[in-house]
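What follows is a set of notes on a single structure, which appears directly below.
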Amino acid sequence: MNLDLSEMQTMLQDTLGRAFKDVASSHRAAEKAGLDATAWQVFTGLGLPLLRVEERLGGAGLGLLDAILVAESVAENLALIPANDAIVCAGLLAVLETPLAMAALEELGQGKIVALALHDAVHSPQQLIAFGAAAKAILFRQGNEVRLMRPGAVQREPNIGGLPTARIDLAGASSEVLAEGYRAAEAFEAAREEWKLLNAAALVAMGGRALKDAAAYARDRHAFGRPIGSYQGLAHPLADASAEIDGAGLLIRRTVEAIGTGRSDAAALVGMCSWWASETAPSATTKAMRVFGGYGMTMEYDAQAYFRRATALRLLGGDPQAELQTIADRLWADISAPLPAAGEVGITFEYGASADAARDAAEAVFAKHVTPELQRWAFESTDGYDPVLYAALASEGLLFPDWPTELGGGAGAFERAAVHDVFVRHLWPQVVVATTDMLGKMILHFGSERAKAEILPRLASGQTAGALCYSEPSCGSDIFAARTRAVRDGDDWIIDGQKIFTSQGHIAEYGLLIARTGVGEKHASVTVFAVPLDQPGYACNPMDTVGDELTNTTFYENVRVPDAYRLGGVNEGTRVLAAALAIEQGAAEHWVAALDEMLAAGVEWARTAQRAGRNAIDMPSVRARLAAVATRMQVLDVLSRRTVWAGATGQARKHYGPMAKLFGSESWVKCGSDLMEMAAPDTLLQGYSALGRIEKLYRRSVPSTIYAGSSEIQRSLIAEAGLGLPRSRS
Ligand SMILES: Cc1cc2nc3c(=O)[nH]c(=O)nc-3n(C[C@H](O)[C@H](O)[C@H](O)COP(=O)(O)OP(=O)(O)OC[C@H]3O[C@@H](n4cnc5c(N)ncnc54)[C@H](O)[C@@H]3O)c2cc1C
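Going by my numbering, the final residue of the sequence shown carries number 1056, and the count climbs one at a time with no gaps.
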């Protein structure tokens, strides 16, 4: 797995950043003039129109990802130039390679503006072309012909994006056929798919930049004696938007890789990028604009320009919601689409060969062990703790792959993530693995040699499990306000107090417990222990929850824990728990699993159910809902993979995990609600069926926005670490 850009791509990004930064202030004048002539000069001067054209035809021969970097840079600096049209048209002309196409390519290389008409002229003879009034030529498709027309002087249509838009009568004016036949039409469609990706990249870049500008303003601007960024009412919507935008940017990169490797769902991914960018960028720019208050509404501030331009770009291709039908066609009706060549990609979201081997090995264990009866038990189980399955995985080094070799591990984070994918595919709950993993890692990092020797082998073998004993009746989010006390008694500590929501408290032999060990500032007076729970004084009372997830209230009365089981220094629990929480916020498989399971259940139902006399899967409303779930699932998957990759390569950022958790749990609620509506009223019913799975998962969705750090806490973490906004919590 590698998400780092190559040296060349980083250089390209830097060059573009410098080049377009200088023209960024000219967008107001450019809107009046209809084009940013200086920016266009910069663009053509760098040879960017022919970026994707093979070197033998005079181009730079660069890849699709490079084109995306260009689209991002042009858009975030609001350069009013037809960059995407130029790159796509040049690529198309080069693929056609007829003499007329070559002549047009030469003109383009010399700086003539060629615009792309997005729809087949057979069905849409008159089209609004974004840069139509600035274009010297329009490239369009008419049936199986790719044609070029020279529009001459056309009237510019004032529009929300300030673009030099014109309505062009493609059928009426004379045009020449550059190429014809099935292949020509296919090349045009591939070019259109490329345009969609570049347009999505431009949208995402504008959304990202608008958020960044808004965050900078929110740090400086004060109201009621505080920076406005410290108000959650402002910071939290920005955090939501920045998770969505980060996800969109990653999805575009993932799609480029999918095109490059010929993944079967690559065409569907292009549709997802297009729809998701059109959903999220305007919403981000609107939220950003509001941060500036009245100033944001004035033409002096760029905030409104991002909002207007993003709105225009999202609507250029028609109703963005129509893309959901395209996604559904490509995913569930086997309708393919020609795609552009990806060229050199460089990045990969795949975990790699060793992780694939671990995945295959785990698949084999599941296949051997998991019977239909056990599968049903897992459906009803709240934790999926099956000691036999756990022992089988442990014996193959697959239960905790990234633990040390002597504990049966020896692999890394990618292998761990790949094995967790197998849990997901088998719809097997992984809560106990996750909590035990956290306890084990804290012992590894902070524990004494005795704790390591006595506890870790038992956890590693799968014969027992760990629980997280953080939350108390009086505090959950405010975790360091714990009141449970630990008092030193010789070589031991005595624990007294009460915890709540100790989910594995009825299974676990050890608890990762935070207790107050001092007086004074709350962060400086807590200590963390690995507490043996199998002893008198520990009591565990079950509590049912709305999602059937069994959790517990746990009581500690004179519970003894050896000092050797203390993790970290006395009163240094904050540091230990911060590390544990980072692990909890680093693994998003749980949320990926939920969306995956809901989507699979929704598709299973739609393929078999009848609605209004036809198959449910053929109904536009059903297809749209499923396509939206599939898209969110892909966005979540890339956010999750980024967290894994960043952690494994020492590039972890504090907001990556919270973004995946926030987006995952909130998407779970949203998609659950949508799917409940999709098949209503049958979704009211419970049971071991596709709809029963949706019903169960919907009930589980809301708790998921609370446990492992509530959505509000995640938003604050993203606002602080990702957007640099002031802390809103003490
Ligand atoms: C099914 C389930 C399983 C759980 N499993 C475990 C477990 O195994 N171990 C464990 O220790 N805990 C567990 N929890 C507890 C969970 O971590 C807490 O419920 C959670 O941290 C919230 O704490 P709280 O319930 O005390 O709510 P509070 O912290 O009182 O929060 C109440 C509301 O206020 C909001 N809020 C709080 N602080 C802020 C703030 N600074 N800004 C804005 N809003 C804020 C919260 O988002 C929430 O909506 C589990 C919970 C559930 C539902």
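For every residue, glycine included, the Cβ atom is placed at its ideal position computed from N, Cα and C.
Any non-hydrogen atom of ligand 1 closer than 7 Å to residue i Cβ
i            : result
residue 877  : yes
residue 794  : yes
residue 868  : no
residue 1057 : This structure does not reach residue 1057, given that the chain is present from 327 up to 1056, and the question cannot be answered.
residue 1038 : yes
residue 1055 : yes
residue 797  : yes
residue 829  : yes
residue 803  : yes
residue 871  : yes
residue 450  : no
residue 630  : no
residue 756  : no
residue 677  : no
Candidates the options: closest to residue i by CA position
i           : options              : result
residue 422 : 463, 509, 815        : 509
residue 715 : 775, 769, 790, 666   : 790
residue 333 : 1031, 672, 498       : 672
residue 603 : 651, 664, 533        : 533
residue 433 : 479, 489, 401, 373   : 373
residue 947 : 961, 1003, 966       : 1003
residue 338 : 400, 1042, 900       : 400
residue 936 : 890, 1005, 1037      : 1005
residue 845 : 820, 812, 827, 822   : 812
residue 518 : 483, 806, 1038, 417  : 417
residue 574 : 643, 601, 390        : 601
residue 869 : 884, 828, 856        : 828
residue 449 : 761, 437, 462, 468   : 468
residue 719 : 734, 821, 927, 709   : 734
residue 987 : 1042, 489, 999, 1008 : 1042
residue 641 : 651, 607, 659, 613   : 607
residue 941 : 540, 387, 658        : 658
residue 853 : 917, 902, 644, 482   : 902
residue 727 : 694, 698, 785        : 785
residue 985 : 965, 996, 731        : 965
residue 358 : 381, 348, 395, 460   : 460
Range of the contiguous alpha helix (DSSP H) that encloses residue i
i            : result
residue 982  : 982–1004
residue 396  : 390–402
residue 682  : 679–695
residue 889  : Neither: residue 889 is in no alpha helix (DSSP H) and is coded neither H nor E.
residue 825  : Careful: residue 825 lies outside any alpha helix (DSSP H), inside the beta strand (DSSP E) at 818–826.
residue 525  : 508–546
residue 346  : 333–347
residue 579  : 558–587
residue 1039 : 1037–1043
residue 842  : Note, residue 842: premise wrong, no alpha helix (DSSP H); beta strand (DSSP E) at 836–842.
residue 865  : Segment 864–869 is the beta strand (DSSP E) holding residue 865; no alpha helix (DSSP H) there.
residue 901  : 899–910
residue 593  : 592–617
Contact belief for residue i with residue j at Cβ below 8 Å, rounded distance in angstroms
i           : j           : result
residue 439 : residue 457 : 6 Å
residue 737 : residue 677 : Going by Cβ atoms, the distance from residue 737 to residue 677 rounds to 11 Å, so no, they are not a contact pair.
residue 969 : residue 914 : 6 Å
residue 932 : residue 943 : 4 Å
residue 864 : residue 880 : 7 Å
residue 952 : residue 928 : 5 Å
residue 817 : residue 888 : 6 Å
residue 567 : residue 610 : 4 Å
residue 766 : residue 792 : 7 Å
residue 917 : residue 994 : 6 Å
Near ligand 3: residue i beta-carbon under 7 Å from a heavy atom
i           : result
residue 806 : Absent from the structure shown: ligand 3. Ligands present: ligand 1.
Minimum Cβ-Cβ distance from residue i to chain E less than 8 Å
i           : result
residue 638 : Absent from the structure is chain E; it holds one protein chain and no more.
Residue range of the beta strand (DSSP E) that includes residue i
i           : result
residue 495 : 492–495
residue 794 : 792–795
residue 473 : 471–475
residue 624 : It is not in any beta strand (DSSP E) - residue 624 carries neither H nor E in the DSSP assignment.
residue 454 : 452–455
residue 468 : 463–468
residue 853 : 852–858
residue 415 : Note, residue 415: premise wrong, no beta strand (DSSP E); alpha helix (DSSP H) at 409–422.
residue 660 : Premise fails: residue 660 is in no beta strand (DSSP E) and is neither H nor E.
Could you tell me which uninterrupted beta strand (DSSP E) segments, each at least 3 residues in length, are contained entirely in the region 933–967, listed from first to last along the chain? Taken in chain order, the complete beta strand (DSSP E) segments of 3 or more residues contained in the region 933–967 number zero; there are none.
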